[in-house]
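S.K.: Listed in order, the protein sequences are those of chains A and B.
Be aware that the first sequence starts at 1, since it is given in this note's numbering, and climbs by one per residue.
Be aware that the second sequence starts at 340, since it is given in this note's numbering, and climbs by one per residue.
Protein chains: 2
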Amino acid sequence: MSRIRSVPTLDDVARVAGVSTATVSRCLNTPHRVVEKTRTKVMTAVEELGYTPNFGARVMAAKRTYTIGAIIPTMENAIFARGLQAFQEELHSHGYTLLVSSSAYRPDIEAEQIRSLVARGADGLLLIGYCRDQGLYAYLKRQAIPTLIAWAFSEGEDLPCIGFDNRASMQALGEQVIALGHRRIAVISGVVAGNDRAEGRLQGIKDALRVHGMDPDTLPVIETPYEIENGATAFGQIMDGPVRPTVVMCGNDVLAAGALKRAREMGLNVPEDVSITGFDDIELARILTPPLTTVHVPHREMGRRAAVELVEMVERKGTGSSVQLQSSIRMRGSLAAPG
Amino acid sequence: MSRIRSVPTLDDVARVAGVSTATVSRCLNTPHRVVEKTRTKVMTAVEELGYTPNFGARVMAAKRTYTIGAIIPTMENAIFARGLQAFQEELHSHGYTLLVSSSAYRPDIEAEQIRSLVARGADGLLLIGYCRDQGLYAYLKRQAIPTLIAWAFSEGEDLPCIGFDNRASMQALGEQVIALGHRRIAVISGVVAGNDRAEGRLQGIKDALRVHGMDPDTLPVIETPYEIENGATAFGQIMDGPVRPTVVMCGNDVLAAGALKRAREMGLNVPEDVSITGFDDIELARILTPPLTTVHVPHREMGRRAAVELVEMVERKGTGSSVQLQSSIRMRGSLAAPG
DNA sequence: GATCTCAGTGTAAGCGCTTGCATTTGATTC
DNA sequence: GAATCAAATGCAAGCGCTTACACTGAGATC
Numbered sequence: 001m002s003r004i005r006s007v008p009t010l011d012d013v014a015r016v017a018g019v020s021t022a023t024v025s026r027c028l029n030t031p032h033r034v035v036e037k038t039r040t041k042v043m044t045a046v047e048e049l050g051y052t053p054n055f056g057a058r059v060m061a062a063k064r065t066y067t068i069g070a071i072i073p074t075m076e077n078a079i080f081a082r083g084l085q086a087f088q089e090e091l092h093s094h095g096y097t098l099l100v101s102s103s104a105y106r107p108d109i110e111a112e113q114i115r116s117l118v119a120r121g122a123d124g125l126l127l128i129g130y131c132r133d134q135g136l137y138a139y140l141k142r143q144a145i146p147t148l149i150a151w152a153f154s155e156g157e158d159l160p161c162i163g164f165d166n167r168a169s170m171q172a173l174g175e176q177v178i179a180l181g182h183r184r185i186a187v188i189s190g191v192v193a194g195n196d197r198a199e200g201r202l203q204g205i206k207d208a209l210r211v212h213g214m215d216p217d218t219l220p221v222i223e224t225p226y227e228i229e230n231g232a233t234a235f236g237q238i239m240d241g242p243v244r245p246t247v248v249m250c251g252n253d254v255l256a257a258g259a260l261k262r263a264r265e266m267g268l269n270v271p272e273d274v275s276i277t278g279f280d281d282i283e284l285a286r287i288l289t290p291p292l293t294t295v296h297v298p299h300r301e302m303g304r305r306a307a308v309e310l311v312e313m314v315e316r317k318g319t320g321s322s323v324q325l326q327s328s329i330r331m332r333g334s335l336a337a338p339g
Numbered sequence: 340m341s342r343i344r345s346v347p348t349l350d351d352v353a354r355v356a357g358v359s360t361a362t363v364s365r366c367l368n369t370p371h372r373v374v375e376k377t378r379t380k381v382m383t384a385v386e387e388l389g390y391t392p393n394f395g396a397r398v399m400a401a402k403r404t405y406t407i408g409a410i411i412p413t414m415e416n417a418i419f420a421r422g423l424q425a426f427q428e429e430l431h432s433h434g435y436t437l438l439v440s441s442s443a444y445r446p447d448i449e450a451e452q453i454r455s456l457v458a459r460g461a462d463g464l465l466l467i468g469y470c471r472d473q474g475l476y477a478y479l480k481r482q483a484i485p486t487l488i489a490w491a492f493s494e495g496e497d498l499p500c501i502g503f504d505n506r507a508s509m510q511a512l513g514e515q516v517i518a519l520g521h522r523r524i525a526v527i528s529g530v531v532a533g534n535d536r537a538e539g540r541l542q543g544i545k546d547a548l549r550v551h552g553m554d555p556d557t558l559p560v561i562e563t564p565y566e567i568e569n570g571a572t573a574f575g576q577i578m579d580g581p582v583r584p585t586v587v588m589c590g591n592d593v594l595a596a597g598a599l600k601r602a603r604e605m606g607l608n609v610p611e612d613v614s615i616t617g618f619d620d621i622e623l624a625r626i627l628t629p630p631l632t633t634v635h636v637p638h639r640e641m642g643r644r645a646a647v648e649l650v651e652m653v654e655r656k657g658t659g660s661s662v663q664l665q666s667s668i669r670m671r672g673s674l675a676a677p678g
């Protein structure tokens, strides 16, 4: 029946060990239910044949995969990479395997990836941010897949989440900036469409303005994709504009790094001529010259906690609860009172 | 038979559409073999039920998964993230899905992940570097999984690879350094054990010394894990040593960034007091102050080509051929003739 | 010594899908 | 209208595994 030298199956192992397939299966899954002597025999056969259980068959029969799926916008963004690494490590210690896909920020691809992971039998799912089609949420609900939203915190949503309040965090930074005496503020924001994190951060700055009686509608904002070079370009545009701001607040550290670079190229001193702030506190922030004032976010901690929470949801069939993490402002050399 | 409101199966779709399961299956896999009218009926039913094919069952029946697995040491390393993102994008355009796992540089975990991906029916595998247990290679061979090695180039290995010659690239940089007049050279290397890339880079520097009649055995080398902070610490140790080098060559940009940071903290000017070089040319390199002289590696290109090659191997059942990519030296402000 | 237990093992029924082969259908030809 | 044939569809056999249930036999109980 089996082709010569083909991949060994449970049957092969059973035959070699001289037991039934059920016993082999039990050796692999519930070893304590098999007597020592038999187990040794079986394990030897497994070893000898180089047997690996076929995952598909296993899933079909057992309905459990010990697999968690995660879909992130891109692996190229350090904050996701970092959080996900921690997520994976924690999952691993619980006996779960992580499968990662990236969507390149495209909702259609994300939907496809979600379906793919579900079809692969993921026991649970980690998604980034709330912003997505209602149909997808309905789909997840009907498939009854425990799903956790990370990198976002928002009350009153259907799915549990873990993250921090982007808006409030940025508002806090904005208020600091204003407290230092800045009045001419410009913003380089990440792309807001379909990205609740970027949107929240932008709104946070506007909130800060409002609190201090300034008009958020006159705030100059340039929106641009997550790339150092884009930050540089946007910064150039802003500084070549009619009214030079005293501070440029960026939606993330990568854009801020680009801004800083362009400032240097333009012969502007930071923070004497213009202050620059970021968001995320990636490693980069500390080694820039000058070091970047930014909002620190506990990415690793978030990844770890997300794993704990999701495993809990999967195993206890719980709905899961949302966790809010605290961010904090890191004051560094790139921000000072206006000169 | 089916529990109320459970996940819909092919049978459910067939029943609702009033056709056989075979027809539904064909609608999904070979639509041209089904007449328009039937297809519409079936697709409507699929839509209505929110049906997603069960992956495990599909694999079992069809023996093909259109899935490629990749195992990288860590997602936190920008070079892997970047290459992998390109890898995934290219795979996606060929209709394949990428599953990523990370091993945290631990061979045991890597072996486990390889088995896990194979068990999940990966049609092909992407691994980083050659350095691993022979048993694993034997296992892959017996499972007949097309495997491509990336981020490494070496002739005469069993498996095809795609990458560049770490050793020769670093040697080229080393010769440049020496040509500039440097004689007191120190090295901060990544951890060499089980990492052929780091090992090759270190050897490359020694080769350069040899070419210029210098003794590679007297080369001061500090080996330390991939972390900015470690680069800083190592740099401190080197500069506090008895003989200050005129140049510190680092095994990668991250270590170099740390070195640069510590240099600044120590009040040393780069490159006047000491030159620093890196390897990889990650984005970081360009925005450091001063910008880092480093070896540019086409990570995205490598990821893309790796995908093309691997798909070819999977579909044409070919053994695959190795591809050598060219690296190039990026001269920037952090390297100059000794002062 | 007969009866009862129960741990250890085997038997066999699926899990949801694909696909070779058999059958039906409907268009085409004579 | 009968005969022919290709296209469309249905039937049913697995794919490799888990697990409910049945069975076996050795020790415990009376």
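Using N, Cα and C, we set each Cβ at its ideal position, and we do this for glycine too.
Model, not experiment: these values are computed from the prediction.
Using 10 angstroms around the beta-carbon of ASP462(B), count the other beta-carbons present and answer buried if the total reaches 16, otherwise exposed.
M.R.: buried
S.K.: With DSSP run on the structure shown, which of helix, strand or coil describes ARG625(B)?
M.R.: helix
S.K.: Between which residues of its own chain and THR436(B) is the CB-CB distance below 6 Å, once the five residues before and five after are set aside?
M.R.: THR406
S.K.: Do THR224(A) and LEU255(A) have their C-beta atoms closer together than 8 Å?
M.R.: yes
S.K.: I'd like the span of the beta strand (DSSP E) that includes ARG330(A), first residue to last.
M.R.: 328 to 330
S.K.: Are the beta-carbon atoms belonging to ALA596(B) and ILE561(B) less than 8 Å from one another?
M.R.: no
S.K.: Is it buried or exposed for ARG58(A), if we count other Cβ within 10 angstroms and need 16 for buried?
M.R.: buried
S.K.: Using three-state DSSP, classify THR413(B) as helix, strand or coil.
M.R.: coil
S.K.: Going by DSSP, name the residue or residues bridged to GLY163(A).
M.R.: GLN324(A)
S.K.: Just mark ASP546(B) as buried or exposed, buried being the case when its beta carbon has 16 or more other beta carbons within 10 Å.
M.R.: buried
S.K.: Tell me whether GLY533(B) sits in a helix, a strand or coil according to DSSP, three-state version.
M.R.: Coil, per DSSP.
S.K.: Is the Cβ-Cβ distance between GLY468(B) and ILE488(B) less than 8 Å?
M.R.: Cβ distance < 8 Å, so GLY468(B) and ILE488(B) count as in contact.
S.K.: Go through its chain and collect everything with a Cβ distance to GLU90(A)'s Cβ below 6 Å, but skip five positions before and after it.
M.R.: ARG304, ALA307
S.K.: To which residues of the same chain is PRO107(A) closer than 8 Å at the C-beta, ignoring the five residues directly before and after it?
M.R.: ARG132, ASP133, GLY194
S.K.: Can you confirm whether VAL100(A), when its beta carbon is compared against all beta carbons of chain B, has any partner nearer than 8 Å?
M.R.: yes
S.K.: DSSP three-state call for ARG342(B): helix, strand or coil?
M.R.: Confidence is the limiting factor: at ARG342(B) the pLDDT is only 36, short of 50, which leaves the residue's position unreliable, though a coordinate-based value still follows. Correct three-state label for ARG342(B): coil.
S.K.: Strictly below 9 Å CB to CB, what residues from chain A border ASN534(B)?
M.R.: In chain order: nothing, as chain A lies at least about 18 Å away.
S.K.: Quick one: does ARG82(A) have its CB under 8 Å from some CB of chain B?
M.R.: yes
S.K.: Whose C-alpha, out of PRO677(B), LEU649(B), LEU464(B), GLU640(B), is nearest the C-alpha of LEU664(B)?
M.R.: GLU640(B)
S.K.: If I measure Cβ to Cβ from SER25(A) and keep anything under 8 Å in the same chain, skipping five residues before and after, which residues do I get?
M.R.: LEU10
S.K.: Of the residues that make up the stretch 381 to 408 of chain B, which ones have a beta carbon closer than 7 Å to any beta carbon in chain A?
M.R.: GLY389, THR391, PRO392, ASN393, PHE394, GLY395, ALA396, VAL398, MET399
S.K.: Should LYS261(A) be flagged as near chain B, meaning a C-beta pair shorter than 8 Å?
M.R.: Yes - at least one Cβ of chain B is within 8 Å of the one on LYS261(A).
S.K.: Please check if any C-beta of chain A sits within less than 8 Å of the C-beta of GLU640(B).
M.R.: Closer than 8 Å to the CB of GLU640(B) there is not a single CB belonging to chain A.
S.K.: Looking at GLY539(B) and ASN505(B), is the spacing between their C-beta atoms short of 8 Å?
M.R.: yes
S.K.: Is it true that the stretch 270 to 287 of chain A meets the stretch 312 to 324 of chain A, where meeting means three or more beta-carbon pairs spaced less than 8 Å apart?
M.R.: Fewer than three beta-carbon pairs drawn from the stretch 270 to 287 of chain A and the stretch 312 to 324 of chain A are found closer than 8 Å, and the two stretches are therefore not classed as touching.
S.K.: Classify VAL582(B): buried if its beta carbon has 16 or more other beta carbons within 10 angstroms, exposed otherwise.
M.R.: exposed
S.K.: Select from the stretch 599 to 631 of chain B all residues with a C-beta closer than 8 Å to any C-beta belonging to chain A, and list them in chain order.
M.R.: LEU599, LYS600, ARG603, GLU622, LEU623, ARG625, ILE626, LEU627, THR628
S.K.: For VAL42(A), write down the residues that DSSP places opposite it in a beta bridge.
M.R.: The partner list for VAL42(A) (beta bridge, DSSP) is empty, contrary to what the question assumes.
S.K.: Determine whether the Cβ of MET75(A) lies closer than 8 Å to any Cβ atom of chain B.
M.R.: yes
S.K.: For the stretch 112 to 141 of chain A, list every residue whose C-beta sits within 7 Å of some C-beta in chain B, in sequence order.
M.R.: From the stretch 112 to 141 of chain A, only ARG115, SER116, VAL118, ALA119, ARG120, GLY121, TYR139 have a Cβ closer than 7 Å to chain B.
S.K.: Indicate whether at least one CB of chain A lies closer than 8 Å to the CB of VAL530(B).
M.R.: no
S.K.: Against THR246(A), what residues of chain B qualify as contacts under a CB-to-CB distance less than 7 Å, listed in chain order?
M.R.: Those do not exist, as THR246(A) stays about 22 Å from chain B at its closest Cβ, beyond 7 Å.
S.K.: Using the three-state DSSP reduction, which class does ALA477(B) fall into: helix, strand or coil?
M.R.: helix
S.K.: For MET249(A), which residues does DSSP report across the bridge?
M.R.: VAL187(A), THR277(A)
S.K.: Quick check: the Cα distance between ILE626(B) and LYS261(A), rounded to an integer number of angstroms?
M.R.: Looking at the two C-alpha atoms, the distance is approximately 6 Å.
S.K.: Rank THR369(B), ALA400(B), ASP592(B), LYS376(B) by C-alpha distance to the C-alpha of SER673(B) and give the top, closest one.
M.R.: ASP592(B)
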